[in-house]
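Colleague:
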Amino acid sequence: MQNRSDIPVIIFCGGKGTRLKEETDFKPKPMVNVGGMPILWHIMKIYSTLGFNNFILCLGYKSEYIKDFFLRQKLRENDISLSLKSGQIDYLTNHSEDWNITFAETGEDALTGERLHKVAKYITHDRFMVTYGDGVGEIDLHQLLDFHEKQRTIGTITGVHPYSKWGLVDTDEKNLIQLFRQKPKLNEYVNGGFMVFEKAALGLLRENTIIEDMFDKLVAQKQLSLYRHEGFWHAMDTYQDVE
């Protein structure tokens with residue numbers, strides 16, 4: 001049986017993010033900084049903290065920015081000794097993450113389903129995880145995998161509660177306002193990323209599609225489950241979200 005820790009994590013990193021124009025004119029959305037580090041780093045840290053260190057990044061818009069960040073990370077984070085004459089660099093410390101990263105150029109304009117289709121050749125495990133490059137959450141990934149295995153379905157998505165983008169108003173029968181709620185958390189579930197699929201799902205992917213097109217096929221086959229996450233989750237769609 002394959003080791004759970006070997007399950008690859010696929011992250012969609014190709015989008016520009018038009019509502020973050022002040023940031024994404026110069027870099028891809030997953031590289032927008034939160035607390036001094038790109039949100040992509042935070043997402044990968046969620047997985048690696050729980051023992052998942054094999055990543056496949058589906059690159060597109062300004063992919064060189066993402067590659068450059070990780071290629072320079074070891075140099076940036078450690079003490080080094082440099083011989084100017086020979087150019088030799090010796091690392092005096094080793095604080096780098098123990099991550100294995102595949103950088104896959106999936107195209108600037110490709111949709112998520114097509115991106116996943118293009119990286120299928122790099123998925124060697126019978127199971128894989130997928131998430132978006134702009135959302136974080138306190139997800140217990142091992143509980144998610146336990147749930148997925150218990151359900152015995154091809155796919156599982158994590159359902160989270162989004163926040164309303166507008167203030168919500170409750171009134172009485174005379175249209176007098178009883179309660180105003182400023183952008184509350186909603187009771188409905190949305191797909192928050194942090195998805196798990198069996199390799200059989202790859203046969204449902206097509207070019208020029210989004211990953212959600214595959215969901216309809218899985219739902220029709222009763223092969224898609226919902227893992228309910230009631231804790232913290234937030235996506236970064238606007239500059240307010242970044243703040």
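Sequential numbering of the sequence shown, starting at 1, is according to the working numbering. Quick reminder that beta carbons are idealized off the backbone N, C-alpha and C, glycines included. Because the structure is a prediction, the values reported are computed rather than measured.
Go through its chain and collect everything with a Cβ distance to Q223's Cβ below 7 Å, but skip five positions before and after it.
Modeller: Excluding sequence neighbours, Q223 sits near T153, I154, G155.
Colleague: Looking only at C-alpha atoms, which of Y122, T93, M44 sits nearest to F194?
Modeller: Among Y122, T93, M44, the Cα nearest to that of F194 belongs to M44.
Colleague: When the Cα atoms are used, what is the spatial distance from D6 to T49?
Modeller: Distance between the alpha carbons of D6 and T49 is about 14 Å.
Colleague: I need the straight-line Cα distance from E188 to I89, nearest angstrom please.
Modeller: Cα to Cα, E188 sits roughly 54 Å from I89.
Colleague: For N54, which residues in the same chain have their Cβ closer than 7 Å to its Cβ, ignoring the five residues on either side in sequence?
Modeller: Only D6, P8, V9, N100 meet the Cβ criterion.
Colleague: Between the Cα of A220 and those of W233, L204, I210, spot the shortest distance and give me the residue it belongs to.
Modeller: When each option's Cα is compared against that of A220, the closest is L204.
Colleague: Taking the C-alpha atoms as reference points, what is the distance between G159 and N33?
Modeller: Going from the Cα of G159 to the Cα of N33 covers about 25 Å.
Colleague: Leaving out five residues on either side along the sequence, give the residues of the same chain with a beta carbon under 6 Å from the beta carbon of K244.
Modeller: With the chain running from 1 to 243 in the structure shown, residue 244 is simply not present.
Colleague: Do L59 and E97 come within 7 Å of each other at the CB atom, strictly closer than that value?
Modeller: Contact flag unset, no.
Colleague: Closest by CA to L75, which one among L57, Y47, N94, L84?
Modeller: Among L57, Y47, N94, L84, the Cα nearest to that of L75 is on N94.
Colleague: Once DSSP output is grouped into helix, strand and coil, what is the label at W233?
Modeller: In the structure shown, W233 sits in a strand (DSSP, three-state: E or B).
Colleague: Between which two residues does the beta strand (DSSP E) containing T93 stretch?
Modeller: Segment: none, T93 is in no beta strand (DSSP E) and carries neither H nor E.
Colleague: Rank K165, F180, W166 by C-alpha distance to the C-alpha of D172 and give the top, closest one.
Modeller: It is F180.
Colleague: Could you tell me which residues DSSP puts in a beta bridge with M195?
Modeller: DSSP output for M195 lists V130 as bridge partner(s).
Colleague: If you measure between the beta carbons of I210 and G113, is that distance less than 7 Å?
Modeller: Yes, Cβ-Cβ distance for I210 and G113 is below 7 Å.
Colleague: Once you ignore the five residues that flank M214 on each side, which residues in its own chain have a CB closer than 7 Å to its CB?
Modeller: Around M214: G113, A201, L204, L205.
Colleague: Let me confirm a value: L111 is counted as buried when at least 16 other C-beta atoms fall within 10 Å, else exposed. Which label applies?
Modeller: The residue in question, L111, is buried, as its Cβ has 16 or more Cβ neighbours within 10 Å.
Colleague: On the three-state DSSP scale, how would you describe I265?
Modeller: Beyond the ends of the chain as shown, which are 1 and 243, falls residue 265; an answer cannot be given.
Colleague: Look up V169 in the DSSP assignment and say whether it is helix, strand or coil.
Modeller: Residue state, collapsed to three classes: strand.
Colleague: Mind checking who P38 pairs with in its DSSP beta bridge?
Modeller: In DSSP, P38 forms a bridge with N33.
Colleague: Mapping the DSSP letters down to three states, classify V52 as helix, strand or coil.
Modeller: Note that residue 52 is Phe in the sequence shown, not Val. Reduced to three states, the DSSP call for F52 is coil.
Colleague: When you compare each of S63, K217, G51 to D109 by their alpha carbons, which one comes out closest?
Modeller: It is S63.
Colleague: Roughly how many angstroms lie between the CA atoms of I139 and H117, to the nearest whole one?
Modeller: Each residue's alpha carbon lies about 26 Å from the other.
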